[in-house]
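Start counting the sequence shown at 140; every next residue gets the next number (this note's numbering).
Written out below as structure tokens is the structure these notes cover.
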Amino acid sequence: MKYLLITFTILLLIGCNSKETYVIEKKDGLEIVKNIKRKMDNSKISYKFETISTLENREDSEYSINFPTYKMGRNFDLGVDIDEDLNFYLLDFKNYKVVKIDKEGKLIKSFGREGRGPGEFPFNPVVIDYRDKKVYVLDLSGRLTIFDKDGKFINFKPLEVKNTRAFYNFFKLKSGGVSVNEMYDGKFGSKDFKLGYGVVRLDEDLNGKNSEILYLKNHKFDMKNIDPENFIAGISVFDNNIAVAELSRNSFEINIDNLENGKKIKVIKPYSGIARDKEMLQKYEEALVKVEKESNSLFKFKKPDKLKKSISFIFHDEKGNLLASTDESIFDLEGHKFSVFDKRGVYRGDIRVKELNGMNIISCGDYCIATTSLAANYSEGGFAEPKVILFKLNLEFKE
Numbered sequence: 140m141k142y143l144l145i146t147f148t149i150l151l152l153i154g155c156n157s158k159e160t161y162v163i164e165k166k167d168g169l170e171i172v173k174n175i176k177r178k179m180d181n182s183k184i185s186y187k188f189e190t191i192s193t194l195e196n197r198e199d200s201e202y203s204i205n206f207p208t209y210k211m212g213r214n215f216d217l218g219v220d221i222d223e224d225l226n227f228y229l230l231d232f233k234n235y236k237v238v239k240i241d242k243e244g245k246l247i248k249s250f251g252r253e254g255r256g257p258g259e260f261p262f263n264p265v266v267i268d269y270r271d272k273k274v275y276v277l278d279l280s281g282r283l284t285i286f287d288k289d290g291k292f293i294n295f296k297p298l299e300v301k302n303t304r305a306f307y308n309f310f311k312l313k314s315g316g317v318s319v320n321e322m323y324d325g326k327f328g329s330k331d332f333k334l335g336y337g338v339v340r341l342d343e344d345l346n347g348k349n350s351e352i353l354y355l356k357n358h359k360f361d362m363k364n365i366d367p368e369n370f371i372a373g374i375s376v377f378d379n380n381i382a383v384a385e386l387s388r389n390s391f392e393i394n395i396d397n398l399e400n401g402k403k404i405k406v407i408k409p410y411s412g413i414a415r416d417k418e419m420l421q422k423y424e425e426a427l428v429k430v431e432k433e434s435n436s437l438f439k440f441k442k443p444d445k446l447k448k449s450i451s452f453i454f455h456d457e458k459g460n461l462l463a464s465t466d467e468s469i470f471d472l473e474g475h476k477f478s479v480f481d482k483r484g485v486y487r488g489d490i491r492v493k494e495l496n497g498m499n500i501i502s503c504g505d506y507c508i509a510t511t512s513l514a515a516n517y518s519e520g521g522f523a524e525p526k527v528i529l530f531k532l533n534l535e536f537k538e
């Protein structure tokens, strides 16, 4: 009895004094990084923020920045990317064109227009990606149009991915590409119909027919009982690593695939939500009511949760560290809060960046791009002016 008591006491002391903040498990080729602590000593992590350029609508501007919106209230992030000279390529959603702007905010040129011919967009362009001196533009139909950096048309390709209803994002890789799609299973309207999203790897020719589904998350879809928060997921691409945030309300869950060596990592961290701001929640509800009316009551939404625990977006910095954010932290007055994970997937702490309040980070690397959050445009007509910030974010860890 004394032996059992002493053993239990020793184990208890070891557990209380352990400095381990994570454990790594391996199962069927998957490496699972389980971060134990909800919070860390944030004095051991710091950052330096440098604004390079800011784009905003001005009276003397020769271009306009507008939120991409589509029928039935569907919204997209502002479409923007940069080249090696820090010129912006901005999608003008309403006018079916790409606007090239220097970092001082001056118009260089615009290209593209509505239509079905070479260099034209049959549907509104929603995603833009720049790589290797080429501009890739994806429109709502899933047609990928390719230009050179001066706006000269090169080619277009339809991304014909099976069981895809819509395309939300595209990333050009060193070889091939990755698309984020709204995907379905079954017959629309049937009781077995499922709807969700998938992350799809495209081959070197960007042919959707020879695609590989890297990640798929779908669920039964009831038009009269739609969960508006069941389609939220962050994705980030760094070199050939693709990170996808799962739809989880109890923890951060991020899946990382390395397309070169096939290594797979799942990162998990406990998470406690924060109550949404009442005004923001009301604006969100107003937007859902508007969509219901536009559909002539074809769609019906569940009331939004007061605790939004899904990751809204993730991004890599230039060193490969991964930062994750949730919607309720975007408008935190103390600064936009990001949970920081190093390249191994180990949680290192949180940072609060005041310069990014109300902003989404849509791409990062040597330079990062942030745009006004869609959450700031929930109400009818929107209540925030769209803005683009080009910046550098340098993290430092203290051991």
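Think of the CB as a built atom: it goes at the ideal place given N, C-alpha and C, for glycine as much as any other residue.
Please read these numbers as outputs of a predicted model, since none were measured by experiment.
Exercise. How about ASN226 and ASP241: are their beta carbons less than 8 Å apart?
Worked result: yes
Exercise. Where does ASP268 land, buried or exposed, given buried means 16+ other C-beta within 10 angstroms?
Worked result: buried
Exercise. In whole angstroms, what is the alpha-carbon distance linking GLU201 and ALA509?
Worked result: A straight line joining the alpha-carbon of GLU201 with that of ALA509 spans about 21 Å.
For this session: Out of GLY504, LYS363 and GLU535, point me to the one whose CA is closest to PHE440's CA.
Result: LYS363
Exercise. Going along the chain, which residues of its own chain have a beta-carbon closer than 8 Å to the beta-carbon of ILE184, five neighbours each way excluded?
Worked result: Correct list, in chain order: VAL479, ARG487, GLY488, ASP489, ILE490, LEU534, GLU535, PHE536 and LYS537.
For this session: Evaluate LYS165 with the Cβ neighbour count: other Cβ atoms within 10 Å of its Cβ, from every protein chain shown; 16 or more gives buried, anything less gives exposed.
Result: exposed
Exercise. What beta strand (DSSP E) runs, 3 residues minimum, are completely inside the region 150-193?
Worked result: Uninterrupted beta strand (DSSP E) stretches at least 3 residues long and entirely within the region 150-193 occur at 161-166 and 169-174, given in chain order.
For this session: Answer with buried or exposed for PHE260, where buried requires no fewer than 16 other C-beta atoms within 10 angstroms of its C-beta.
Result: buried
For this session: Determine the contact status of ASN196 and ASP231, defining contact as a CB-CB distance below 8 Å.
Result: no
Exercise. By the 10 Å Cβ neighbour count, where 16 or more other Cβ atoms means buried, how is LEU472 classified, buried or exposed?
Worked result: exposed
Exercise. With GLY337 and ASN320 assumed to form a contact (beta carbons below 8 Å), what rounded beta-carbon distance in angstroms separates them?
Worked result: 5 Å
For this session: Indicate whether TYR323 and LEU312 have their beta-carbon atoms separated by less than 8 Å.
Result: no
For this session: Tell me where the beta strand (DSSP E) around PRO525 begins and ends.
Result: Segment: none, PRO525 is in no beta strand (DSSP E) and carries neither H nor E.
Exercise. Quick one: Cα of GLU572 to Cα of LEU277, how far?
Worked result: Because the chain is modelled from 140 through 538, residue 572 falls outside the range shown and cannot be assessed.
Problem set entry | Between the CA atoms of ASN435 and HIS455 - distance to the nearest angstrom | Looking at the two C-alpha atoms, the distance is approximately 41 Å.
Exercise. Measuring CB to CB, does VAL339 end up less than 8 Å from VAL317?
Worked result: yes
Problem set entry | Whole-Å CB distance - GLY459 paired with PHE530, under 8 Å assumed | With 8 Å as the limit, GLY459 and PHE530 do not qualify as a contact, their Cβ atoms being about 18 Å apart.
For this session: Indicate the three-state DSSP secondary structure (helix, strand or coil) for SER468 in the structure shown.
Result: In this structure, SER468 counts as helix in the three-state DSSP scheme.
For this session: Given a cut-off of 8 Å, decide if GLY281 and PRO297 are closer than it, judged by their beta-carbon atoms.
Result: yes
Problem set entry | Contacts around GLY212, its chain only, beta-carbon distance under 7 Å, and the 5 residues preceding and following it disregarded | Unreliable positioning characterises GLY212 in this predicted model, as indicated by a pLDDT of 46, which lies under 50. The coordinate reading is nonetheless provided below. Contacts found: ALA426, LYS429, VAL430 and GLU433.
For this session: Taking only the alpha-carbon atoms, compute the straight-line gap between THR146 and ASP481 and give it to the nearest angstrom.
Result: Bear in mind that a pLDDT of 39 at THR146, under 50, signals an unreliable position, so the number given afterwards is only what the model happens to contain. Taken atom to atom, the span from the alpha-carbon of THR146 to that of ASP481 is near 36 Å.
Exercise. Where does the unbroken beta strand (DSSP E) through ASN205 begin, and where does it stop?
Worked result: Neither: ASN205 is in no beta strand (DSSP E) and is coded neither H nor E.
Problem set entry | Residues of its chain near ILE175, where Cβ-Cβ distance is below 8 Å and the 5 sequence neighbours each way are ignored | Cβ neighbours of ILE175 within its own chain (closer than 8 Å, five residues either side excluded): GLU159, THR160, TYR161, VAL162 and PRO409.
Exercise. When the Cα atoms are used, what is the spatial distance from SER468 to PRO257?
Worked result: 43 Å
Exercise. Of all Cβ atoms in chain D, is any one closer than 8 Å to the Cβ of SER375?
Worked result: Absent here is chain D; the protein component of the structure consists of one chain.
Exercise. What is the rounded straight-line gap between the Cα of ILE450 and the Cα of ILE393?
Worked result: 9 Å
For this session: Less than 8 Å between the CB atoms is what I'm expecting for LYS288 and ASP222, so what's the real figure, rounded?
Result: 6 Å
For this session: Determine the contact status of VAL265 and GLY218, defining contact as a CB-CB distance below 8 Å.
Result: yes
For this session: Measure the C-alpha to C-alpha separation of ILE404 and GLU253 and round it to an integer number of angstroms.
Result: 42 Å
Exercise. If you count every other CB in all the chains shown that lies within 10 Å of the CB of ASP220, and 16 or more means buried, which is it?
Worked result: buried
For this session: Drop a sphere of 10 angstroms on the beta-carbon of THR193, count the other beta-carbons inside from all chains shown, and report buried for 16 or more, exposed for fewer.
Result: exposed
For this session: Consult DSSP for VAL300 and reduce its assignment to one of helix, strand or coil.
Result: coil
Exercise. Exposed or buried, which one is GLY168 when buried takes at least 16 other CB atoms within 10 Å?
Worked result: exposed
For this session: Would you tell me roughly how many angstroms separate the C-alpha atoms of ASP331 and PHE360, rounded to the nearest one?
Result: 8 Å
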